[in-house]
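Asker: This is the structure I have questions about; it appears just below.
In the working numbering, the protein residues as written are 7 to 219.
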């Protein structure tokens with residue numbers, strides 16, 4: 007893929023009409039962004055790092071062109087040190103490692119944020135459950151009080167009815183006792199009256215007999 011990007015802009019990079027700064031911007035915008043796409047998750051081996059450095063040096067040599075040797079006067083390719091001197095930005099491997107570290111930090115922060123959100127939701131659920139438990143306890147206590155009051159009310163009603171029955175029975179008993187005493191008095195008076203009548207009759211007979219005698 008990197009070679010396809012490179013060959014698509016190769017003519018621009020080798021053009022003498024464009025400045026080197028513009029060519030570097032084309033490299034960073036077109037090639038660099040495509041080559042490093044998804045590099046945050048890469049695990050590079052030494053061989054892969056070497057291949058990426060070789061590719062970058064090839065592109066930079068195309069941008070900066072050949073150099074005339076001061077001794078021989080011949081044109082030659084730039085050495086790696088010379089390329090690095092001309093290209094002041096960090097090389098491709100440093101960029102990859104920097105992005106990996108940044109991505110790892112973001113992932114760590116993301117996981118931390120997710121954990122915090124989970125903990126926050128858990129705390130909210132716990133608080134909600136705690137409030138629900140408190141409401142249930144209050145309702146349970148209220149129901150217990152209501153049941154207790156209801157039972158007390160029933161006992162009071164039963165006791166009240168019992169007291170009424172007792173009062174009623176007591177009054178009935180008193181009436182019965184009064185009636186009984188009255189009957190006794192009446193009977194006593196009746197017997198007394200009978201005795202008086204008998205005595206009166208006896209007296210009359212005695213007087214009569216006495217006069218007759």
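For each residue, glycine too, the CB sits at the ideal point set by N, CA and C.
Our contact map puts residue 37 next to residue 13 with C-beta atoms below 8 Å; I'd like the distance itself, whole angstroms only.
Answerer: Not confirmed; about 10 Å, so no contact.
Asker: Can you say whether residue 77 is buried or exposed, counting buried as having 16 or more other CB atoms within 10 angstroms of its CB?
Answerer: exposed
Asker: For residue 93, collect the residues of the same chain with a Cβ closer than 6 Å to its Cβ; drop the 5 residues on either side in sequence, then sort them by chain order.
Answerer: 66
Asker: Using three-state DSSP, classify residue 81 as helix, strand or coil.
Answerer: strand
Asker: Since residue 29 and residue 69 are thought to touch, with beta carbons under 8 Å apart, how far apart are those beta carbons, to the nearest angstrom?
Answerer: 4 Å
Asker: Extract the residue ranges of the alpha helix (DSSP H) inside the region 135 to 180, only unbroken runs of 4 or more that lie entirely within it.
Answerer: Counting only runs of 4+ residues, no alpha helix (DSSP H) is found wholly inside the region 135 to 180.
Asker: Take every Cβ of the region 93 to 108, pair it with every Cβ of the region 40 to 54, and state whether three or more of those distances are shorter than 8 Å.
Answerer: yes
Asker: Taking residue 63 and residue 41 to be in contact with their CB atoms under 8 Å, please state how far apart those CB atoms are, rounded to whole angstroms.
Answerer: Incorrect: roughly 13 Å between the Cβ atoms, too far for contact.
Asker: Rounded to whole angstroms, what is the Cα-Cα separation between residue 83 and residue 116?
Answerer: 46 Å
Asker: Starting from residue 70, trace the alpha helix (DSSP H) both ways and give me its first and last residue.
Answerer: 52 to 70
Asker: Assuming residue 32 contacts residue 58 (C-beta within less than 8 Å), just tell me the rounded distance between them.
Answerer: That belief does not hold up - the Cβ atoms of residue 32 and residue 58 are roughly 19 Å apart, past 8 Å.
Asker: For a quick check, are the C-beta atoms of residue 54 and residue 110 less than 9 Å apart?
Answerer: No, they are not a contact pair.
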